[in-house]
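K.L.:
Each residue of the sequence shown is one higher than the one before, starting from 130 at the first, in our numbering. Glycine is no exception: its CB is placed at the ideal position from the N, C-alpha and C atoms. This one's a predicted model, so the numbers in the text were calculated from it and none came from an experiment.
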Amino acid sequence: MVEVLMSRRAMRAVMECRRASGVTRDGRRRFADMPLVWADRTLRWIAKNSRPLSDVLDLRTVRAMLDALSTNIDGSKAASSVARQKRMVLSNSLNHAVEWEKLPRNPVPKVKWSAPKATRAVDRRSVPNPIQARTILNAVKEVQRSGPCLYAFSR
């Protein structure tokens, strides 16, 4: 069987096929009399539309994978912490492939890649205008006990 890189959608399809057909993770079938025609069709589609695992050894492919991990489905940038976490998951899964002798080495550490920087854009609608800010500070001054201190601190 050819090892392939699969998209999330393809991986979900494989897991659904296995779950519905009664195939366990080690390849044994719980329900030996159940036909797998529709599962075979799905698995053939996945094999046809996936790349071989050996493509991971190309550093350009790894960089493209990391760039894809740092974007959301809608095309916007993912948070830097999410991108780092996804990179860690990718690296760990490739470490498992090395351990299982499916790959000679893990190419992820060789790629000089950093997570995208977080943007600090402030939504103008969430910032009070000068009149609102003055009203808030005057209301804070009226609060019992800590109000005057907080008012003085904000000046």
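Quick test of your reading: Met194 and Leu219, contact by CB under 8 Å. State the CB separation rounded to the nearest angstrom.
P.N.:
As a first step, residue 194 must be located in the sequence shown, where it is residue number 65. As a first step, residue 219 must be located in the sequence shown, where it is residue number 90. Confirmed, about 7 Å.
K.L.:
If contact is defined by three or more beta carbon pairs under 8 Å, each pair taking one atom from either stretch, is the segment 197 to 217 in contact with the segment 242 to 258?
P.N.:
Verdict: yes, contact present.
K.L.:
So, is Val237 buried or exposed, given that buried needs 16 or more other C-beta atoms within 10 angstroms?
P.N.:
Within the sequence shown, the letter at position 108 stands for residue 237. By the neighbour-count rule (16 or more Cβ atoms within 10 Å), Val237 is buried.
K.L.:
So what does DSSP say about Pro181, is it helix, strand or coil?
P.N.:
Here residue 181 is taken as the residue at index 52 of the sequence shown, counted from 1. Of the three classes helix, strand and coil, the one that applies to Pro181 here is strand, per DSSP.
K.L.:
Under the DSSP definition of a beta bridge, which residues are partnered with Thr200?
P.N.:
As a first step, residue 200 must be located in the sequence shown, where it is residue number 71. Thr200 is bridged to Lys206.
K.L.:
Cβ of Ala208 within 8 Å of Cβ of Ala247?
P.N.:
Position 79 of the sequence shown, counting from 1, holds the residue named residue 208. Position 118 of the sequence shown, counting from 1, holds the residue named residue 247. Taking 8 Å as the Cβ cut-off, Ala208 and Ala247 qualify as a contacting pair.
K.L.:
Is it buried or exposed, Arg263, if we count other Cβ atoms within 10 angstroms and call 16 or more buried?
P.N.:
By one-based count along the sequence shown, residue 263 stands at place 134. When all chains shown are included, Arg263 counts as exposed.
K.L.:
Starting from Pro245 and walking both ways along the alpha helix (DSSP H), at which residues does that stretch end?
P.N.:
Indexing the sequence shown from 1 puts residue 245 at position 116. Segment: none, Pro245 is in no alpha helix (DSSP H) and carries neither H nor E.
K.L.:
May I ask you to report which of helix, strand or coil DSSP gives Val133?
P.N.:
On the sequence shown, position 4 is the one that residue 133 refers to. In this prediction, Val133 scores a pLDDT of 49, lower than 50, which makes its location untrustworthy; the coordinate-derived value is nonetheless stated afterwards. Note: Val133 maps to strand in three-state DSSP.
K.L.:
How long is the line joining the alpha carbons of Val211 and Pro259, rounded to whole angstroms?
P.N.:
Here residue 211 corresponds to residue number 82 of the sequence shown, with the count starting at 1. Here residue 259 corresponds to residue number 130 of the sequence shown, with the count starting at 1. So the two alpha carbons sit approximately 36 Å from each other.
K.L.:
Taking a contact to mean a Cβ-Cβ separation below 8 Å, would you say Arg234 touches Val227 in this structure?
P.N.:
As a position in the sequence shown, residue 234 is number 105, starting the count at 1. As a position in the sequence shown, residue 227 is number 98, starting the count at 1. Their beta carbons are under 8 Å apart, which means Arg234 touches Val227 by this criterion.
K.L.:
How far does the alpha helix (DSSP H) with Val269 in it reach, from first residue to last?
P.N.:
Walking along the sequence shown from the start, residue 269 turns up at place 140. First-last of the alpha helix (DSSP H) with Val269: 259 to 270.
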